[in-house]
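Numbering (UniProt numbering), first residue to last: 1 to 560.
Right, dumping it as structure tokens:
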């Protein structure tokens, strides 16, 4: 913006909108979506309300919107700014007809394009201004251009957010009137600024902890560790449910930094599930119903369908209880009827400003579907799917036992049993071939199992599956090279060298792959013990190989 523009008749308007850390606001104007930073939060140009799954703050907004003049003429540029004692992260500014606040008036120009951008609302280019990122801001300045068909008075409005759960909607700014027009009547905004009519549910604080008493008798329970009692064990992850007439009561408890949750699913795979979240928000707990479509962030239901909400925070443990009707009205399309059989998922993780992050550990999944309104059961579950356990076991056996034994047999036992054969071949060769064949078969089976479990390629396993494919390819090449080895001694020697080199490359790649694999969520292995055990196995093989090599060269005459 040049100096002349800034010196012209102009009013500076400043709005403040705060997007929570690592979250962001979306400005949705007409049919255009503007996405900033990481999250998925929406602001509609019409009502200027962020879709943050909570109501606007009822506190007085700590921001002042100031214009450099109170009167204007068509074509004037009005400079304005927002000033306050607190930082903000996002904002949405609009100018409305003071006589009809549904009508957007004029357009804006940017002064600080690094932190602000123009939006298109009601098919009018530049009719609103919003933020470009969720960085902390203390002031934003913009220029509003009065149109030729300006109404007699204009009201500036701004939506401001300091966090995901702390925001103000339609904060009233200055009212400007055209030169010669009578000043508009004072507008009174009653109640909380920008408050909207929403269905709310009051909650109470639980007087005592949940208990496992009655599990399998009067209520169904799913626990981890199996058989734990949330009343006595702060490490207990606990879910119980029991039918109460036309509704079901749920109790959920577990240690977590941000939230505990459970889901009803028709299979053992995340996606298209009925989800319920208990989210810690400072010194209270918000309890919400949500829906997961595919492997995406939960979509919070509105209005709230839960009743009898209660919660408790103690010693890092989040507890909540609520009731839900067994059958809901047809408009609740993503809610499951509770008179069916479902797999149960339990998960926990971090939350920031009321926004949940991906769960920290593999969810606990019930062993079999449970009847929500059926006879009470004491359910069992696992955080590690059986197919993934077999995958890890097969790969570990193949590449820490059979392959190491096969390599040692070929490298150091050729001189032994010189006069004995097995099926016409040297003993060492037959043992080497048998061990390597077992290795390839175990690798092939173990390679297929994750694809069977995932139903395709895993996008969350990092580089582990890519290295696994390399290992599988090298493991198949090895027997092919051995099978087609030539009889000519000179060429045979070259092939043997390549065979050994390929084996070495395969083994080293495999070691890296296994170390990456043991930290996959789906295996749920205890750390750091799992890493220590695997490191011990690798060190043992290296030391054994070193001792045998020294002995082969005659420096260690063992048994002589």
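All residues carry an ideal CB built from backbone N, CA and C; glycine is no exception.
- Around residue 430, the same chain offers 422 as residues with beta carbons nearer than 6 Å, after the five sequence neighbours per side are excluded.
- Here residue 117 is buried. Its C-beta has 16 or more other C-beta atoms within 10 Å.
- The beta-bridge partner set that DSSP reports for residue 250 consists of 241 and 322.
- Residue 407 is bridged by DSSP to nothing; it lacks a bridge partner.
- Each residue's CA atom was taken as its position, placing residue 286 and residue 142 some 37 Å apart.
- 106 is the residue among 135, 210 and 106 whose C-alpha sits nearest the C-alpha of residue 128.
- DSSP places residue 270 outside both helix and strand once states are collapsed to three, so it counts as coil.
- Per DSSP, residue 297 lies in no alpha helix (DSSP H) and is assigned neither H nor E.
- Here the alpha carbon of residue 226 sits roughly 14 Å from the alpha carbon of residue 213.
- Proximity to residue 365 across 378, 382, 372 and 358 peaks at 382, based on C-alpha coordinates.
- Membership of residue 100 in any alpha helix (DSSP H) is not indicated; the residue belongs instead to the beta strand (DSSP E) covering 100-104.
- Residue range 167-178 is occupied by the beta strand (DSSP E) that includes residue 171.
- The stretch 530-549 makes contact with the stretch 406-426, as at least three CB pairs between them are under 8 Å.
- Residue 151 carries a coil assignment under DSSP once its states are collapsed to helix, strand and coil.
- Secondary-structure assignment with DSSP links residue 255 through a beta bridge to 317.
- When secondary structure is reduced to three states using DSSP, residue 88 falls in the strand class.
- Contact between residue 136 and residue 87 holds: their C-beta atoms lie close to 4 Å from each other, under 8 Å.
- Separation of residue 440 and residue 475 (C-alpha to C-alpha, rounded to the nearest whole angstrom) is 6 Å.
- As a beta-bridge residue in DSSP terms, residue 346 pairs with 262 and 364.
- Under the three-state reduction of DSSP, residue 530 is assigned to helix.
- For the pair residue 472 and residue 221, the Cα-to-Cα distance works out to about 42 Å.
- Contact between residue 95 and residue 156 holds: CB atoms are separated by about 5 Å, below the 8 Å threshold.
- Note that the C-beta distance between residue 209 and residue 81 is not below 8 Å.
- Per DSSP, reduced to three states, the secondary structure at residue 222 is strand.
- By the Cβ criterion, the stretch 263-276 is in contact with the stretch 334-349, since at least three pairs of Cβ atoms, one from each stretch, lie closer than 8 Å.
- Straight-line measurement puts the Cα of residue 438 at about 25 Å from the Cα of residue 418.
- Take the alpha-carbon of residue 98 and the one of residue 176: they are about 9 Å apart.
- Straight-line spacing of the CA atoms in residue 70 and residue 174 works out to 8 Å.
- As the crow flies, the alpha-carbon of residue 325 is around 11 Å from that of residue 250.
- Looking from the CA of residue 66, the closest CA among 47, 74 and 140 belongs to 140.
- Our two residues, residue 112 and residue 358, have alpha carbons roughly 35 Å apart in a direct line.
- Here DSSP, grouped into helix, strand and coil, assigns residue 457 to coil.
- The secondary-structure analysis by DSSP pairs residue 287 across a beta bridge with 278.
- The residues 104, in chain order, have a CB closer than 6 Å to that of residue 122 in the same chain once the five nearest residues on each side in sequence are set aside.
- In this structure residue 77 is buried. Its beta-carbon is surrounded by 16 or more other beta-carbon atoms within 10 angstroms.
- Between the stretch 316-323 and the stretch 241-260 there are three or more C-beta pairs closer than 8 Å, enough to call the two in contact.
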